[in-house]
Amino acid sequence: MTLLAFEHVRKSYWRGRHEVVVLDDVSFELDSAELAAVFGRRASGKTTLLRVAAGIEAPDGGRVLFDGQDARSRRTPRLAGIHERIGWVGRHRPFSSGLRMLHHVALPLLGRVDAREAERRATRALKQVGAGDFANARWHELSDAERMLVTIAHAIVRDPALLLADDPTSGLGLEERETVLALLRSIAEERGMAVLTTVPEVPDMLRSHRVMSLGDGELIQPAPRAPGGVIAFPPRRERA
620 MTLLAFEHVR
630 KSYWRGRHEV
640 VVLDDVSFEL
650 DSAELAAVFG
660 RRASGKTTLL
670 RVAAGIEAPD
680 GGRVLFDGQD
690 ARSRRTPRLA
700 GIHERIGWVG
710 RHRPFSSGLR
720 MLHHVALPLL
730 GRVDAREAER
740 RATRALKQVG
750 AGDFANARWH
760 ELSDAERMLV
770 TIAHAIVRDP
780 ALLLADDPTS
790 GLGLEERETV
800 LALLRSIAEE
810 RGMAVLTTVP
820 EVPDMLRSHR
830 VMSLGDGELI
840 QPAPRAPGGV
850 IAFPPRRERA
């Protein structure tokens with residue numbers, strides 16, 4: 620089932636009198652239980668793509684559909700600008716460095732369930748991402764890879780339908796990147812979430828069900844896999 624759809628989305632910014640087009644006629648669909656990866660170099664627009672998908676930023680043109688509804692017509696509550704059924708994985712610190720990670724992960728549940736239930740769900744989320752041993756740790760005591768696992772637990776504790784991850788492997792070692800990407804794939808397959816992640820390295824795309832490339836505002840989706848499993852990208856379209 621299609622959960623997220625971009626229909627001819629356009630997004631640009633102005634630098635003085637110059638318009639910088641970040642997303643140019645971008646269209647794609649993302650299904651439940653699917654992990655899709657978007658590769659692009661720094662400043663290629665990957666984060667903007669995710670922010671538009673999350674509803675943090677509105678497109679200048681086209682439509683973003685979430686579960687069949689136009690994102691601009693949603694009237695459901697939001698958390699920090701993000702739709703409640705969307706989880707966000709970014710590189711952010713807890714608002715208090717003294718918080719135990721159990722309480723950090725439980726924060727999105729406050730006001731929705733009582734404290735005991737919030738801790739129970741946070742404990743479950745930490746265990747599901749392989750970070751159960753970090754429940755009593757503080758942020759400064761964790762490695763970058765351990766912080767990313769906790770951040771993913773924080774994002775999935777509300778059981779969102781869509782998980783958006785902004786370069787979650789950036790700065791990690793090869794083995795650590797593999798752990799994070801394998802976790803995102805298992806979240807998609809075992810929990811039925813749609814997962815859209817951006818990646819800074821081409822090899823990081825290989826764990827995904829589908830790969831896309833973003834550059835010069837264009838989102839390029841691969842043709843079906845060629846014999847031998849090689850991913851064949853279609854030629855870039857020429858600009859008028």
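If you're matching positions, the sequence shown starts at 620 in this note's numbering and goes up one per residue. All C-beta atoms in this analysis are idealised placements derived from N, C-alpha and C, irrespective of residue type, glycine included.
The alpha-carbon separation between Leu718 and Val640 amounts to approximately 40 angstroms. Between Phe658 and Val821 the beta-carbon gap is near 6 angstroms, inside 8 angstroms, which marks them as a contact. Gln688 counts as exposed, since fewer than 16 other beta carbons sit within 10 angstroms of its beta carbon. Distance from the CA of Ala737 to the CA of Leu833, rounded to the nearest whole angstrom, comes to 38 angstroms.
Here the alpha carbon of Ser651 sits roughly 11 angstroms from the alpha carbon of Glu809.
DSSP lists no bridge partner for Gly681.
If you draw a straight line from the Cα of Leu781 to the Cα of Leu815, it is about 8 angstroms long. By the CB criterion at 7 angstroms, Leu721 and Ala754 fall inside the cutoff.
Counted as a single uninterrupted DSSP element, the alpha helix (DSSP H) harbouring Arg766 occupies residues 763 to 775.
Of the other Cβ atoms in all chains shown, 16 or more fall within 10 Å of the Cβ of Leu800; this residue is therefore buried. DSSP places Met812 outside both helix and strand once states are collapsed to three, so it counts as coil. Cβ-Cβ separation between Val724 and Val776: approximately 6 angstroms, consistent with a contact (criterion under 8 angstroms). Around the beta-carbon of Arg670, 16 or more other beta-carbon atoms lie within 10 Å, marking it buried.
The beta-carbon separation of Leu745 and Ala774, rounded to 12 angstroms, does not stay under the 8 angstroms limit for a contact. The beta carbon of Arg757 sits closer than 8 angstroms to the beta carbons of Ser716, Gly717, Leu718, Arg719, Met720 from its chain, once the five residues preceding and following it are set aside; these are given in chain order. Look at Ala756 here: in three-state DSSP terms it is coil, with no helix or strand label. For Leu623, the enclosing beta strand (DSSP E) has its first and last residue at 621 to 634. Residue environment analysis places Ser762 among the exposed positions, since fewer than 16 neighbouring C-beta atoms fall within 10 angstroms of its C-beta. Straight-line spacing of the CA atoms in Gly664 and Gly792 works out to 24 angstroms. With fewer than 16 neighbouring CB atoms inside 10 Å of its own CB, Glu794 falls in the exposed class. Asp823 and Arg804 have their C-alpha atoms spaced approximately 12 angstroms apart. Residues of the same chain with their beta carbon placed closer than 7 angstroms to that of Leu825 are lacking, with the five preceding and five following residues left out of the count. Within the model, the alpha-carbon separation for Pro678 versus Glu638 is close to 15 angstroms.
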